[in-house]
Amino acid sequence: MKLLDFRSDTVTQPTEEMRAAMASAVVGDDILGEDPTVQRLESMCATMFGKEAGLFVISGTMANQVSVMALTQLGDEIIVGEDTHIYNLEVGGLAALSGVQARPIRAEQGRFSPADLKKAIRPKGVQSAISRVLCLENTYNLNRGIPLNADYMKEMADIAHNHDMTVYLDGARIFNAGVAFNMPLAKLCAPVDCLQFCLSKGLAAPVGAIMVGTKAFIDRSRWIKQRVGGGMRQAGHMAAAGIVALEKMQSRLQEDHDNATYLAKGLASIDEGLVDLKAPRTNIVYIDFGATGRQSGPIVSELLKNNVKIKHIDDGACRMITHWGIDKADIDTVLALYKKILG
Ligand SMILES: Cc1ncc(COP(=O)(O)O)c(C=O)c1O
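Each residue of the sequence shown is one higher than the one before, counting from 179 in our numbering.
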């Protein structure tokens, strides 16, 4: 029986085309700046996002942390959403690696209120940390995947820029937002100064993330990447899969979004309290078993006995992500199971 793994889009397997491209990639020593496949990937990404330069790194976490190291000085402050990956799931890297303090703010449906953002920016003064970076995340929140549109990003970026701050975007799933708004990524990301995105989530490459921004930011980040041991020699083998991911896997994300909506509607038809059908959605379905008086633990275990994996968040909540390798028939299978378990 097929294992249906809905825990994350990070579980995706590389396509046959990626595997072939990896095997035949022309490679060189990337630390010496001699890997043509890495260079092609980096410049392709810079063009796609309308920024000056790009940098291939091993993971989204490394991209976020190297970016913050490049953009800040000890004791600076970075404003982040309270449900962001960079603040919650990166091993305290903001403090440990950059020596910055995080200023988390609430983001209702993924959005800061302009008033909250303005309030969080410190006035300059002898006793104040410097509010240096605003970090946005799009899609927002690991467990909900809320897409943020270009107008919202511009509104937030304008506020930050008016206070001499740099605007950085953790765009691990920015391709999902691009598909959700049917908008070119350069336009969607025009308001931010620099960003990272992951090749190894919905796009299904086996590894890697890309940072893009000004040439000065990327030059500094390349040096910091080396400092933290992120230099990779014949990295073109991995970059080759990234190129296929960007060329072939972006438009199919719509299928994941359709499947997530289909799943959410199916769950709501079992019990309407389970999901918020009105919430903006991409490829993530947040399930609130608690709201229907159920505990998530036993449900996760029961699904697992039937070869279905979902992500346990807490006593009441779970998350499911649709991705490459999961089709509509798989959603029907899991909905039938839910009916049996919850019915
Ligand atoms: C929003 C966000 N940022 C960053 C990351 C980190 O990416 P990686 O797992 O490649 O380190 C993730 C991973 O799930 C993520 O969801």
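Yeah, the Cβ is synthetic: ideal placement off N, Cα and C, and Gly gets one too. Since the model is a prediction, treat every value here as computed from it, not as a measurement.
#### Entry: Per DSSP, the bridge partner or partners of proline 192
Translated into the one-based positions of the sequence shown, residue 192 becomes position 14. Per DSSP, none; premise fails for proline 192.
### Task
To the nearest angstrom, report how far apart valine 357 and glutamine 305 are at their CA atoms.
By 1-based counting over the sequence shown, the position of residue 357 is 179. By 1-based counting over the sequence shown, the position of residue 305 is 127. Between valine 357 and glutamine 305, the C-alpha separation is close to 44 Å.
### Query
In three-state terms, what does DSSP make of alanine 201?
Counted from its first residue, the sequence shown places residue 201 at position 23. It is helical.
### Task
With a 10 Å radius around its C-beta and 16 neighbouring C-beta atoms as the bar for buried, classify alanine 507 as buried or exposed.
On the sequence shown, position 329 is the one that residue 507 refers to. The residue in question, alanine 507, is exposed, as its Cβ has fewer than 16 Cβ neighbours within 10 Å.
### Query
Hey, glycine 494 and serine 479: beta-carbon distance below 7 Å or not?
Sequence index remark: in the sequence shown, residue 494 carries index 316 (1-based). Sequence index remark: in the sequence shown, residue 479 carries index 301 (1-based). Against a cut-off of 7 Å, the Cβ pair of serine 479 and glycine 494 comes out as no contact.
### Query
DSSP three-state call for glycine 414: helix, strand or coil?
On the sequence shown, position 236 is the one that residue 414 refers to. Of the three classes helix, strand and coil, the one that applies to glycine 414 here is helix, per DSSP.
### Message
Suppose contacts are defined by Cβ-Cβ distances below 7 Å. Is asparagine 316 in contact with isoleucine 264 by that definition?
### Response
Taking the first residue of the sequence shown as position 1, residue 316 is located at position 138. Taking the first residue of the sequence shown as position 1, residue 264 is located at position 86. No, these two residues do not count as a Cβ contact at 7 Å.
### Message
At the level of alpha carbons, what is the spacing between tryptophan 502 and methionine 361?
### Response
Position 324 of the sequence shown, counted from the first residue, corresponds to residue 502. Position 183 of the sequence shown, counted from the first residue, corresponds to residue 361. Roughly 21 Å separates the two Cα atoms.
### Query
Can you list, in chain order, the residues of its chain whose CB lies under 8 Å from that of lysine 517, leaving out five sequence neighbours each side?
Walking along the sequence shown from the start, residue 517 turns up at place 339. Result list for lysine 517: Ile448, in chain order.
### Query
Where do the N-terminal and C-terminal ends of the beta strand (DSSP E) with glutamine 428 fall, by residue?
Residue mapping note: residue 428 aligns to position 250 of the sequence shown, counting from 1. Premise fails: glutamine 428 is in no beta strand (DSSP E) and is neither H nor E.
### Task
With a floor of 4 residues, list each alpha helix (DSSP H) that falls wholly inside the stretch 201–231, ordered by position along the chain.
List check, alpha helix (DSSP H) in window: 214–227.
### Message
Using C-beta distances below 6 Å, list every residue in its chain close to phenylalanine 359, excluding the 5 sequence neighbours before and after it, in chain order.
### Response
For the purposes of this step, residue 359 is taken as residue 181 along the sequence shown, with counting starting at 1. Closer than 6 Å at Cβ, skipping near neighbours: Asn327.
### Message
Tell me which residue opens and which closes the beta strand (DSSP E) that methionine 498 is part of.
### Response
Counting from 1 along the sequence shown, the entry for residue 498 is found at position 320. That run of the beta strand (DSSP E) goes 495–499.
#### Entry: Alpha-carbon to alpha-carbon, isoleucine 519 and cysteine 367
Within the sequence shown, numbered from 1, the residue matching residue 367 stands at position 189. Within the sequence shown, numbered from 1, the residue matching residue 519 stands at position 341. Going from the Cα of cysteine 367 to the Cα of isoleucine 519 covers about 43 Å.
### Message
DSSP three-state label for lysine 379, please.
### Response
Taking the sequence shown and counting its residues from 1, the one referred to as residue 379 is at position 201. Coil, per DSSP.
### Task
Please go through the same chain and pick out, in chain order, the residues whose beta-carbon is closer than 7 Å to the beta-carbon of proline 325, but skip the five residues on each side of it.
Counted from its first residue, the sequence shown places residue 325 at position 147. Same-chain partners within the cutoff: Asn316, Thr317, Asn354, Ala355, Ala358, Phe359, Pro458, Thr460.
### Task
Tell me where the alpha helix (DSSP H) around aspartate 261 begins and ends.
Residue 261 sits at position 83 when you count from the first residue of the sequence shown. Aspartate 261 -> no alpha helix (DSSP H), and no H or E assigned at all.
### Message
Would valine 311 and tyrosine 346 be called neighbours here (beta carbons separated by less than 7 Å)?
### Response
Position 133 of the sequence shown holds residue 311. Position 168 of the sequence shown holds residue 346. Yes, they are a contact pair.
### Task
Sort Met196, His490, Leu515, Leu373 by Cα distance to valine 235 and report the nearest one.
Your numbering for residue 235 matches position 57 in the sequence shown. If we check each option's Cα against that of valine 235, Leu373 comes out closest.
### Query
Is cysteine 496 near ligand 1, judged by its Cβ being under 6 Å from some heavy atom?
Against the sequence shown, residue 496 aligns to sequence position 318. Because no heavy atom of ligand 1 lies under 6 Å away, the Cβ of cysteine 496 does not count as near it: no.
### Message
On the criterion of 16 or more Cβ atoms from any shown chain inside 10 Å, does serine 245 qualify as buried, or is it exposed?
### Response
Translated into positions along the sequence shown, residue 245 becomes position 67. Serine 245 is buried by the Cβ-count criterion.
### Task
State the DSSP-derived secondary structure class of serine 479, mapped to helix, strand or coil.
The sequence position of residue 479 within the sequence shown is 301, counting from 1. Helix.
#### Entry: Top-ranked residue by Cα proximity to leucine 513, from Gly444, Leu267, Asp466
Translated into the one-based positions of the sequence shown, residue 513 becomes position 335. The option with the nearest alpha carbon to leucine 513 is Gly444.
### Query
Do glycine 238 and ligand 1 come close, with the Cβ less than 6 Å from some heavy atom?
Numbered from 1 along the sequence shown, position 60 holds the residue referred to as residue 238. Result yes, Cβ under 6 Å from ligand 1.
### Query
What's the call for leucine 219, buried or exposed, on a 16-neighbour Cβ count within 10 Å?
What you label residue 219 is simply residue 41 of the sequence shown in a count that begins at 1. Classification of leucine 219: buried, given that the 10 Å Cβ count is 16 or more.
### Query
Between the Cα of cysteine 223 and the Cα atoms of Phe395, Gly232, Leu295, which residue gives the shortest distance?
Position 45 of the sequence shown holds residue 223. For cysteine 223, the nearest C-alpha among the options comes from Gly232.
### Task
Drop a sphere of 10 angstroms on the beta-carbon of glutamine 251, count the other beta-carbons inside from all chains shown, and report buried for 16 or more, exposed for fewer.
Translated into the one-based positions of the sequence shown, residue 251 becomes position 73. Glutamine 251 should be labelled exposed.
#### Entry: Same chain, Cβ closer than 7 Å to methionine 179, neighbours up to 5 away in sequence not counted
Taking the sequence shown and counting its residues from 1, one reaches residue 179 at position 1. Setting aside the 5 residues that flank it on each side, methionine 179 is surrounded in the same chain by Asn485, each with a C-beta closer than 7 Å to its C-beta; the list follows chain order.
### Task
Counting only the same chain and skipping the five closest in sequence on each side, list residues whose C-beta sits under 7 Å from that of lysine 296.
Mapped onto the sequence shown, residue 296 falls at position 118. Within the same chain, lysine 296 has close Cβ partners Ile337.
### Query
In whole angstroms, what separates the C-alpha of arginine 300 from that of threonine 262?
As a position in the sequence shown, residue 300 is number 122, starting the count at 1. As a position in the sequence shown, residue 262 is number 84, starting the count at 1. About 21 Å.
### Task
Return the chain-ordered ranges of every alpha helix (DSSP H) run that is complete within the stretch 363–409 and spans a minimum of 4 residues.
363–366, 393–405
### Task
Quick one: residues in its chain with C-beta nearer than 8 Å to the C-beta of alanine 248, no 5 flanking neighbours on either side, listed in chain order?
The residue labelled residue 248 in the question sits at position 70 within the sequence shown. If we look at alanine 248 and ignore the five residues flanking it on each side, its Cβ neighbours are Phe395, Arg398, Ser399, Ile402.
### Query
Is the distance from the Cβ of isoleucine 509 to the Cβ of asparagine 437 below 7 Å?
On the sequence shown, position 331 is the one that residue 509 refers to. On the sequence shown, position 259 is the one that residue 437 refers to. In contact: isoleucine 509 and asparagine 437 (Cβ atoms closer than 7 Å).
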